[in-house]
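Peer 1: Just add 8 to wherever you are in the sequence shown, counting from 1, and you've got our numbering. Please see the structure below; I have some questions.
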Amino acid sequence: STVVLVCFAIQLMSIVQQLTRGVVDDMRWTWCIILSVKFGSAWTNWMLLTRATPFVVDPITGRPNCMFRWAEWAVLAFVMAFVIDGTDSVSLRKPLSLGILQGVSTTLGACLPLATSGWTWVMMLATCILLFSSIYARLFARWRDLRKLQNELSDNSYHLCKVRLATRLNELTCFFWTLLAVFFVADVIARVFSAYNPSVNWGFIAGCVIDVVAKLYYADIVDTNLQYFPVRFR
């Protein structure tokens, strides 16, 4: 509960900072999305702190799963993937596709405790990983496009700056979300193949910390850059 309280306090300060920061009119929709993401994450931690929220024990691995956290991630995985990939996009297809893949992957992960057999559980996890890996394919495509544009456009090009921002956000997404996946898999392996069953749910704590750091980091980058770009290139 102490970790959740600290995470909530940090997120609350971040929300206050966002509300007191000016916003350029044509970027107000992005500002609203970022604020909604912060509110959603803070509300989840508040509910975890003040309410008896459900933890479902996975019958296959013995791992307790915070279903409130999974519900938050299922929604925000779609939203953040969509917003981040749409930073430099001129169409909805790619951002929407990436958002859907990440949302479905996370939703399927939330359903793992419902698996009735080890085989079903493994197949569900494999599908989660396959869908999740789409962010790496997108990152490799962005690196390729960025190298090409750097040879074709000047450093002060608006489009190039947007592509750089999108690439940076994609890199951060891959890093933080992979950390969450690694801690999850490590926790599962330890519980299945050893007598690991600690009184402290370290997997949950790691998820809380990574979640709050990740959201603060790339939400601030998106907000700062989208405030700066219209002024710089006006």
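Every residue gets a Cβ at the ideal spot worked out from N, C-alpha and C, and that includes glycine. Source: prediction; values computed, not measured.
1. So does the stretch 138 to 155 actually touch the stretch 119 to 128, counting three or more Cβ pairs closer than 8 Å?
2. Along the chain, which unbroken stretches of the beta strand (DSSP E) at least 3 residues long are found entirely within the stretch 49 to 81?
3. In angstroms, rounded to a whole number, what distance separates the CA positions of Ser-44 and Met-131?
4. Can you check the stretch 152 to 228 for any alpha helix (DSSP H) of at least 4 residues that lies completely inside it and give the ranges in chain order?
5. Could you tell me the distance, in whole angstroms, from the CA atom of Arg-242 to the CA atom of Gln-158?
6. Using three-state DSSP, classify Cys-15 as helix, strand or coil.
7. When you compare each of Val-91, Pro-67, Leu-109, Ala-189 to Cys-216 by their alpha carbons, which one comes out closest?
8. In whole angstroms, give me the CA-to-CA distance for Asn-73 and Tyr-166.
9. Residues in the same chain with beta-carbon distance under 8 Å from Ile-229, minus the five sequence neighbours each way, listed in chain order, please.
10. Can you look up Leu-100 in the DSSP assignment and give me helix, strand or coil?
11. Specify the secondary structure class of Ala-292 as computed by DSSP and reduced to three states.
12. Tell me which same chain residues have a C-beta within less than 8 Å of the C-beta of Phe-76, skipping the five on either side of it?
13. Going by DSSP in three states, Thr-115 sits in which element: helix, strand or coil?
14. Which word fits Val-239, buried or exposed, when buried means at least 16 other C-beta atoms lie within 10 angstroms of its C-beta?
15. Considering only residues of the same chain and omitting the five flanking positions on each side of Ala-243, which have a CB-CB separation below 8 Å?
16. In three-state terms, what does DSSP make of Ala-89?
Peer 2: According to the structure shown:
1. no
2. 63 to 65, 72 to 74
3. 33 Å
4. 166 to 201
5. Confidence in Arg-242 is poor, its pLDDT being 49 and thus under 50, which makes the residue's placement too unreliable to answer from.
6. helix
7. Ala-189
8. 44 Å
9. Leu-173, Arg-176, Leu-177, Leu-180
10. coil
11. Since the first residue shown for the chain is 9 and the last is 242, residue 292 is missing from the structure and cannot be characterised.
12. Thr-52, Met-55, Leu-56, Thr-61, Pro-62
13. helix
14. In this predicted model, Val-239 has a pLDDT of only 49, less than 50, meaning its place in the structure is not dependable enough to derive any value.
15. As displayed, the chain neither begins before 9 nor continues past 242, which places residue 243 out of reach and without an answer.
16. helix
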